[in-house]
Amino acid sequence: MVDKTVPKDIKKMSFEDALHELEKIVGGLEQGAGKLDEAISAYERGTLLRQHCEAKLREARERVETINVSTDGSVSAEPAEIE
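If you want my numbering, it's the 1-based position in the sequence shown plus 492.
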């Protein structure tokens, strides 16, 4: 079972760095490199990296806004609808 707490080294990573490491882990697992224990540890770290990437994407979505200009010239911002 994977511990849900994200290690500090992952928390400090940018989205791009976490995604890059996750891609390396996935590549290694797909090739079947290493021993079973190493593969399990890599899988667990990959799961934490995925969770971190998803959290970073959620944060980015929340920050993106749509700027609307009404016919009277007033400006408003609303959260963007991103699928």
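No residue lacks a Cβ here, since even glycine has one placed at the ideal position from N, Cα and C.
Check                                                                                                                     : Outcome
Check whether T558 and A572 have beta carbons under 7 angstroms apart                                                     : yes
Classification of G519 by the beta-carbon crowding that lies within 10 angstroms, buried from 16 upward                   : exposed
CA nearest to the CA of S506, picked from D564, A552, N560, G526                                                          : A552
Reference E522, options Y535, A510, N560, D529, closest by Cα                                                             : Y535
When G524, G538, K527 are compared against I517, the one with the closest alpha-carbon                                    : G538
Nonlocal neighbours in the same chain, by C-beta distance under 7 angstroms from L511, ignoring five residues either side : C545
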